[in-house]
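If you read the protein sequences in the order shown, they are chains A and B.
Start counting the first sequence at 4; every next residue gets the next number (my numbering).
Start counting the second sequence at 4; every next residue gets the next number (my numbering).
Note that the Cβ used here is the ideal one computed from N, Cα and C, for glycine as well.
Before any comments, here is the structure.
Protein chains: 2
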Amino acid sequence: MSKRKSGREEAEAPVVVEREPRAPVEAIRAAAFAQFAERGYPVVTVRDIMKACGLTQGALYNHFKSKDELLHDIITSTQSELERQCKQAVAGAGDDPRAKLAAFVRVYVVRHCRLRIEALVANREIGWLDAERVADIRRSRRAIRDILVDILLDGVKRGVFEPPHVDGRHDLKTVAMALLDQCTHVSKWYGPGGDLTEEQMAQLYGDMALRMVGAQP
Amino acid sequence: MSKRKSGREEAEAPVVVEREPRAPVEAIRAAAFAQFAERGYPVVTVRDIMKACGLTQGALYNHFKSKDELLHDIITSTQSELERQCKQAVAGAGDDPRAKLAAFVRVYVVRHCRLRIEALVANREIGWLDAERVADIRRSRRAIRDILVDILLDGVKRGVFEPPHVDGRHDLKTVAMALLDQCTHVSKWYGPGGDLTEEQMAQLYGDMALRMVGAQP
DNA sequence: GCAGCCCCTGAACAGTCATTCATATTGGCG
DNA sequence: CGCCAATATGAATGACTGTTCAGGGGCTGC
Numbered sequence: 004m005s006k007r008k009s010g011r012e013e014a015e016a017p018v019v020v021e022r023e024p025r026a027p028v029e030a031i032r033a034a035a036f037a038q039f040a041e042r043g044y045p046v047v048t049v050r051d052i053m054k055a056c057g058l059t060q061g062a063l064y065n066h067f068k069s070k071d072e073l074l075h076d077i078i079t080s081t082q083s084e085l086e087r088q089c090k091q092a093v094a095g096a097g098d099d100p101r102a103k104l105a106a107f108v109r110v111y112v113v114r115h116c117r118l119r120i121e122a123l124v125a126n127r128e129i130g131w132l133d134a135e136r137v138a139d140i141r142r143s144r145r146a147i148r149d150i151l152v153d154i155l156l157d158g159v160k161r162g163v164f165e166p167p168h169v170d171g172r173h174d175l176k177t178v179a180m181a182l183l184d185q186c187t188h189v190s191k192w193y194g195p196g197g198d199l200t201e202e203q204m205a206q207l208y209g210d211m212a213l214r215m216v217g218a219q220p
Numbered sequence: 004m005s006k007r008k009s010g011r012e013e014a015e016a017p018v019v020v021e022r023e024p025r026a027p028v029e030a031i032r033a034a035a036f037a038q039f040a041e042r043g044y045p046v047v048t049v050r051d052i053m054k055a056c057g058l059t060q061g062a063l064y065n066h067f068k069s070k071d072e073l074l075h076d077i078i079t080s081t082q083s084e085l086e087r088q089c090k091q092a093v094a095g096a097g098d099d100p101r102a103k104l105a106a107f108v109r110v111y112v113v114r115h116c117r118l119r120i121e122a123l124v125a126n127r128e129i130g131w132l133d134a135e136r137v138a139d140i141r142r143s144r145r146a147i148r149d150i151l152v153d154i155l156l157d158g159v160k161r162g163v164f165e166p167p168h169v170d171g172r173h174d175l176k177t178v179a180m181a182l183l184d185q186c187t188h189v190s191k192w193y194g195p196g197g198d199l200t201e202e203q204m205a206q207l208y209g210d211m212a213l214r215m216v217g218a219q220p
């Protein structure tokens, strides 16, 4: 019925998002980001995005081949940045699996607190991309999970982690997924106005992660 | 461009979902469930849903007032069922906070493994409902979170839980959210063909939950 | 045989969508 | 000044949307 216009109907006075005259392509990216996050890719129209940067529909196609390409551009750039940050954090954390796990969780949580919008879009709107693009992103996610699995495996081998097991057997992939789910979805509810700062969130989640894998002191 | 038709273009041979001649309203619910889960509410058309039950568009309106109402029907019924199950599980678990937490996590995880589709739809598509309906569901979610917070609070008071703290202070609401996020999102990746059964998932997640809150043995 | 009812059909409606394109407008350079 | 390339415009296109509704089957109980 409502088609989710959410009340913005004043028609005049297009709410221009940019504050300095950025390259229009950057303004479009930013506006699309914000709107996809708030209302979801399929219901955000090209007209919505362009109005938010003070332009009209047609102008999009001077900068992007299609609405699809715009979304793809947005998602892949944030996803690859996430992968890069995770690898970097782990590589710079020394040799102790506990330190590596803590560094990973810290980066992951802080990022998902700070860049809530980016995380939200990347996690919710992948489905609209065509198969090959999706496969690319899933590959990156598996890579991130495997970083975590490797840390856990190393920790178990060296006796510093004692993760939970079922029927006498570890399932580190599942534990890693639980950790990632937990950390990823802070982006859904964390707000800077809440009880904890990003730093405190990172600390709390790092603590919980170490407990979950049975880290020895 | 593609509008996400995902290749189904044979036109003839509508893939009828029902195996026995159920009440059409049930067939519609089931077909809508499956399609919303797979492709998302806004891009699934009334024509898609009805074709999947071997009917045509118009017939929907003999059973539901609108596409919106269909979604609302689906989501509220699963959400209230979840709330009921959680309450029941906790109430029947005796007095020990550890047993209560374990029972809660068990029910929550098993449900989210078994009813993946329902959970997926309920979690992803709320946004399309009008404000009042959304508020209703959020209330139910807060209620579930508060069940968990109460268990934690009780456990802390009685000295059987020692949850992580930041700057010397507990934040049980955040711990509860972390637990819920972790358990909720198994529905995104768990599959019966995987390494663990539902029972094993429940056990593993119960174990991790007890570790996270520092349950004393 | 025939109402009366439930349910279904499929054309029609009014609307929105992404995308295209002929037509401006702009700013820099000679 | 004129010229050119880059970019913006907004009407037009054709496809698809949720919803309505006049018409029509196929049951039931008589």
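**Message:** Please report the distance separating the alpha-carbon of Ile31(B) from that of Ile129(B).
**Reply:** 19 Å
**Message:** Under 8 Å: do the region 65-84 of chain A and the region 140-147 of chain A share three or more Cβ pairs, one atom per stretch?
**Reply:** yes
**Message:** Could you check whether the Cβ of Tyr208(B) sits closer than 8 Å to any Cβ belonging to chain A?
**Reply:** yes
**Prompt:** Can you find a CB in chain B that lies within less than 8 Å of the CB of Arg161(A)?
**Reply:** no
**Request:** Compute the distance between the beta-carbons of Gln185(B) and Gln185(A), then report whether it is under 8 Å.
**Result:** yes
**Message:** If I follow the unbroken alpha helix (DSSP H) through Val112(A), where does it start and stop?
**Reply:** 100-117
**Within chain B, the residues that Gly130(A) reaches when beta carbons sit closer than 7 Å** = Gly43
**Prompt:** Going by the C-beta, is Ala179(B) closer than 7 Å to any heavy atom of the ligand COA?
**Reply:** The ligand COA is not part of the structure shown, which contains no ligands of any sort.
**Prompt:** Taking 8 Å as the CB-CB limit, is Met180(A) close to chain B?
**Reply:** yes
**For His66(A), three-class secondary structure by DSSP** = coil
**Message:** Does Asn65(A) pass the burial test, meaning 16 or more other C-beta atoms within 10 Å, or should it be called exposed?
**Reply:** exposed
**Per-residue contacts from Thr177(A) into chain B (C-beta, under 8 Å)** = Asp198, Leu199, Met204, Leu207
**Prompt:** Taking the alpha-carbon positions, what's the Gly194(B) to Val46(A) distance?
**Reply:** 30 Å
**C-beta contact flag for Phe164(B) and Ala218(B) at 8 Å** = yes
**Item:** Coarse secondary structure for Val169(A), derived from DSSP in three states
**Value:** strand
**Message:** Given a cut-off of 8 Å on the beta-carbon distance, is the pair Ala96(A) and Gly209(A) in contact?
**Reply:** no
**Item:** Any chain B beta carbon closer than 8 Å to Arg141(A)
**Value:** no
**Prompt:** Can you give the Cα-Cα distance for Arg172(B) and Met215(B), rounded to whole angstroms?
**Reply:** 16 Å
**Message:** Between which two residues does the alpha helix (DSSP H) holding Arg142(A) run?
**Reply:** 134-160
**Request:** Kindly indicate the opening and closing residues of the alpha helix (DSSP H) around Ile52(B).
**Result:** 49-55
**Top-ranked residue by Cα proximity to Ala125(B), from Leu151(B), Leu73(B), Phe107(B), Ala92(B)** = Leu73(B)
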